[in-house]
Amino acid sequence: MLPSSLQILRLKRQKIAKQFSASAQSSRGFSLIEVLVSLSLFIVVITMGIGSLLVLINANAKAQNIQSAVGNVQFALDSMAREIRTGQAYYCSGSSATDVTGGFDQVRDCDDQGIYLSIIEGGDSLTSGAYNNRLAYRYNSVDRTIERKIGSSGWLSLTDPSVSIDDMHFQVIGSATRSQDGSIVQPNVTIYIAGSIAGVSATDADFTLQTTVTKRVLDI
């Protein structure tokens, strides 16, 4: 028996209703719980990423700060070493209040506790026009700086304010041009510097520098 027109129409409506229901189910959105979970995971990932980025930025800034400050101390040390190497009449003292302005007859050795060193410049590039041609270096334990004095002028700091010099001392051997038996002595100076650099975090960076300088005749 063939289906009537009414039955055919009913079957078509049922088919259309099933297709509409399937389409509605396939196109439904996310539930509130799914959105909240996704948002929470996104916030955790972003927070971790930002934290890592801030750590990297902080470490990079500190590294640059340390490099700049150590470069400043190294420059001061190299300047002293160059001037000492070509200088003469080394006079070392354990007191920063020492002020030597005399000539070649004023020389003095010291052990590794010397914090003042004076030399006669091997030339006049710095002391030209000064009252005397002596250069002096000292450790200022109050300001924690390395200072230099040209002639009879005042003391000037060689180090940056961000650098704290915790210790500095000289050791001078053979300041006299000849030993007791008359043999020629070649003076040498050992410079030791220790300090810290204020970084971008609560922890400072410590450093230690040391060099030994042997006297050389200025060749110009």
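In this note's numbering, the protein residues as written are 905 to 1124.
Heads up, the beta-carbon is just placed ideally off N, CA and C, and yes, glycines get one too.
Model, not experiment: these values are computed from the prediction.
Distance between residue j and residue i (C-alpha atoms, nearest Å)
{"i": "Ala1040", "j": "Val1093", "result": "14 Å"}
{"i": "Asn962", "j": "Asp1064", "result": "21 Å"}
{"i": "Val1067", "j": "Gly1099", "result": "7 Å"}
{"i": "Ser956", "j": "Phe946", "result": "16 Å"}
{"i": "Leu943", "j": "Ile950", "result": "11 Å"}
{"i": "Ser1000", "j": "Ser1045", "result": "9 Å"}
{"i": "Ser1083", "j": "Ile1077", "result": "Residue confidence for Ser1083 is low, a pLDDT of 49 falling below 50, so the modelled location carries little weight; the figure read from the coordinates is stated next. Taking the straight line joining both Cα atoms gives about 11 Å."}
{"i": "Ala965", "j": "Ile1101", "result": "13 Å"}
{"i": "Arg1038", "j": "Ile988", "result": "11 Å"}
{"i": "Leu1127", "j": "Met952", "result": "Residue 1127 is absent from the structure shown; the chain starts at 905 and stops at 1124."}
{"i": "Lys1119", "j": "Pro1091", "result": "6 Å"}
{"i": "Ser1029", "j": "Ala985", "result": "15 Å"}
{"i": "Thr1112", "j": "Leu981", "result": "12 Å"}
{"i": "Asn969", "j": "Glu1025", "result": "33 Å"}
{"i": "Val948", "j": "Ala973", "result": "38 Å"}
{"i": "Ser1079", "j": "Cys996", "result": "9 Å"}
{"i": "Arg1012", "j": "Asp1110", "result": "32 Å"}
{"i": "Ile920", "j": "Leu940", "result": "35 Å"}
{"i": "Ile1050", "j": "Gln1114", "result": "14 Å"}
{"i": "Glu938", "j": "Ala967", "result": "44 Å"}
{"i": "Thr1002", "j": "Ile954", "result": "55 Å"}
Alpha helix (DSSP H) segment containing residue i, residue limits
{"i": "Asn969", "result": "Leu936 to Thr990"}
Proximity to residue i [Cα-Cα], best of the options
{"i": "Ser1056", "options": "Asp1071, Gly1033, Val949 and Lys966", "result": "Gly1033"}
{"i": "Thr1116", "options": "Tyr1096, Ile1101, Cys1014 and Ile970", "result": "Tyr1096"}
{"i": "Ser1061", "options": "Asp1070, Phe1074, Arg1042 and Met1072", "result": "Arg1042"}
{"i": "Ile1054", "options": "Leu1021, Ala1080 and Val1011", "result": "Leu1021"}
{"i": "Asn1036", "options": "Lys919, Leu958, Thr1005 and Glu938", "result": "Thr1005"}
Start and end residues, beta strand (DSSP E) containing residue i
{"i": "Ser1068", "result": "Val1067 to Ile1077"}
{"i": "Asp1016", "result": "Cys1014 to Gly1018"}
{"i": "Ser1053", "result": "The sequence shown places Lys at residue 1053, rather than the Ser named in the question. Where Lys1053 is concerned, the enclosing beta strand (DSSP E) stretches over Thr1049 to Ile1054."}
{"i": "Gly998", "result": "That residue, Gly998, is in no beta strand (DSSP E); it is neither H nor E in DSSP."}
{"i": "Thr1115", "result": "Ala1109 to Thr1118"}
{"i": "Val1093", "result": "Asn1092 to Ile1101"}
{"i": "Asn1044", "result": "Arg1038 to Asn1044"}
CB of residue i within 9 Å of CB of residue j, strictly
{"i": "Gln1017", "j": "Gly998", "result": "yes"}
{"i": "Ala993", "j": "Gly1007", "result": "yes"}
{"i": "Gly991", "j": "Ile1023", "result": "yes"}
{"i": "Arg1048", "j": "Trp1059", "result": "no"}
{"i": "Gln1075", "j": "Cys1014", "result": "yes"}
Contact test: residue i Cβ vs the ligand SAM heavy atom, cutoff 8 Å
{"i": "Leu940", "result": "Within the structure as shown, the ligand SAM is missing, as the structure has no ligands at all."}
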